[in-house]
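Peer 1: Numbering (this note's numbering), first residue to last: 70 to 391. Handing you this structure, nothing more for now.
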C-alpha cells in the first residue's frame, strides 16, 4: 500500500485523487476477496450449465433497445457465424470496464440465429470475486477466462466469445482505437487448434469512443502489485462522464457513439491438429493471419468514420437529366 501511495505522487492532483480512491477500493474489495479463503478462488463458480436462457433473453431485450436507440448500432456479416456447431469468436476489446462490445456482439448473434444459439463470453477473474455480479454474469453466459470453462462450452457445440488482447487491448490509448492490439497472446489459438474449431473474427467500431483513454499505465500496474495479485496489466487514465479525468477502473456513463459490429468469414485450419498447438512457428503463422484479417475488417468499418457519428453514408448517384 505504501508503494501505491508513493507512486501516486507523480500524478497531477486531479488524477491523483481518483487514483487514490481506486487504490483504496482495490485492496478492500476485489483484492481482499481474491486473497481470502478458498485459496483466493472466486466467490462464484463458472460453468456453462449456469446459463439461464430466459434471463439471458430478458437482458438482451434491454441491451438491444439501448443498441438501437442510444448507440444507433449497425451489425454486418452475422451470417458468417455458424448456425450450428462450436466456434470461437475472436474480437478486439474496447471500452474499458463497461463492456458494451461484448453485449452488442451477443445481441447481433441472437438477431441472426435466435436466442437458442448459446454464446459464452470469457471475462476477467474480478467479475467472479463479487458474489452478486458473478451470479448475474453466469446467468447470461459469462465464463471465467481460461481454457477449462471455454472447452466445456465448445464441447457442447456452443459459441465462445474471447478477447485475446484483454486489458492491454481495452485500455489502448484513444488514438489507437482503430488498431488491432492482441498483445502477442496466443492462448486462443491453442484452444481453437486443440478443440479443432473455426475462428470467427468480430470487430467493433465506436465502442472505444464512449470514453477517451489517455494512457494505459502498464508501469503503474506492475509497481502497484495489480499485475501480480489481480492479473491486471494496466492501470489506465481516462476522460469520461461523469468523472472527467479519472482512473479507468471507475464505472462511467458511455457516450452515445454510433457503434458498428462486423463479423468476418470463419478461419479454418483443417490441415492442423491438436499437436500443432505446441508449435511456436505454427502459432505465429496463425496469429498473423487472424490479426491481419481482423485489422482488414476493422479498416473496412472505420474508413471515413467521424468521431461519435459513424461512417459517412455514400450518396446515391444523381438521376440523369435532359
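Glycine included, C-beta positions come from ideal geometry on N, C-alpha and C.
(1) For residue 342, which of 310, 261, 373 has the nearest alpha-carbon?
(2) Would you decide whether residue 379 is buried or exposed? Buried here means 16 or more other CB atoms lie within 10 Å of its CB.
(3) Please work out which residues of its chain come closer than 7 Å, Cβ to Cβ, to residue 287, disregarding the five sequence neighbours upstream and downstream, and give them in chain order.
(4) Which partner residues of residue 307 appear in the DSSP bridge assignment?
(5) By DSSP's criteria, residue 160 is part of a beta bridge. Which residues make up the other side?
(6) In chain order, what residues of the same chain have a beta carbon less than 7 Å from the beta carbon of residue 148, not counting five sequence neighbours either side?
(7) Among the candidates 234, 196, 339, whose CA atom is the shortest distance from the CA of residue 255?
(8) Rounded to whole angstroms, what is the Cα-Cα separation between residue 97 and residue 313?
(9) Within 10 angstroms of the Cβ of residue 372, are there 16 or more other Cβ atoms? Answer buried if so, exposed if not.
(10) Check for me: the beta strand (DSSP E) holding residue 329 runs from which residue to which?
(11) Here's the rule I'm using: 16 or more other beta-carbon atoms within 10 Å means buried, otherwise exposed. How should residue 277 be labelled?
(12) Can you grab the Cα-Cα spacing for the pair residue 214 / residue 374, in whole Å?
(13) My assumption, with CB atoms under 8 Å, is that residue 190 sits in contact with residue 171. Please give the rounded CB distance.
(14) According to the Cβ coordinates, are residue 158 and residue 272 closer than 8 Å?
(15) Going along the chain, which residues of its own chain have a beta-carbon closer than 6 Å to the beta-carbon of residue 241, five neighbours each way excluded?
(16) At the level of alpha carbons, what is the spacing between residue 123 and residue 175?
(17) List the DSSP bridge partners of residue 264.
(18) Per DSSP, residue 229 forms a beta bridge with which residues?
(19) How would you label residue 134, buried or exposed, when you count the other beta carbons within 10 angstroms and need 16 or more for buried?
(20) Residues in the same chain with beta-carbon distance under 6 Å from residue 139, minus the five sequence neighbours each way, listed in chain order, please.
(21) CB residue 146 to CB residue 331, shorter than 8 Å?
(22) So, at 7 Å on beta carbons, what are the nonlocal neighbours of residue 266 in its own chain, with the 5 sequence-adjacent residues on each side left out?
(23) Taking 6 Å as the limit between beta carbons, can you name the residues of its chain near residue 221, skipping five residues before and five after?
Peer 2: According to the structure shown:
(1) Cα-wise, what sits closest to residue 342 is 261.
(2) Residue 379 is buried by the Cβ-count criterion.
(3) Hits under 7 Å: 302, 303.
(4) Paired residues: 282, 315.
(5) Answer is 271.
(6) So the list reads 181, once near-sequence residues are dropped.
(7) Relative to residue 255, the option among 234, 196, 339 whose CA is nearest is 234.
(8) With a pLDDT of only 39 at residue 97, under 50, the local geometry of the prediction cannot be trusted, and no value is derived from it.
(9) Exposed, by the Cβ-count rule.
(10) For residue 329, the uninterrupted beta strand (DSSP E) segment begins and ends at 329 to 332.
(11) Flag for residue 277 reads buried.
(12) Using only the alpha carbons, I get a separation of about 32 Å.
(13) That belief holds up - the Cβ atoms of residue 190 and residue 171 are roughly 5 Å apart, short of 8 Å.
(14) 8 Å or more divides the Cβ of residue 158 from the Cβ of residue 272.
(15) If you ignore the 5 residues before and after residue 241, its C-beta comes within less than 6 Å of the C-beta of 250, all in its own chain and listed in chain order.
(16) Those two C-alpha atoms are separated by around 14 Å.
(17) Bridge partners of residue 264: none, in fact.
(18) Residue pairing by DSSP places residue 229 opposite 157, 189 in a beta bridge.
(19) Residue environment: residue 134 is assigned as exposed (fewer than 16 neighbouring CB atoms within 10 Å of its CB, all protein chains considered).
(20) Shown here for residue 139: same chain residues with a beta carbon closer than 6 Å to its own, the five before and five after excluded, namely 325 in chain order.
(21) For residue 146 and residue 331, yes; Cβs fall inside 8 Å.
(22) For residue 266, the CB contacts under 7 Å within the same chain, skipping 5 residues up- and downstream, are 155, 156, 157, 223 in chain order.
(23) Here residue 221 has 117 as same chain residues with Cβ atoms under 6 Å from its own Cβ, once five neighbours each way along the sequence are excluded.
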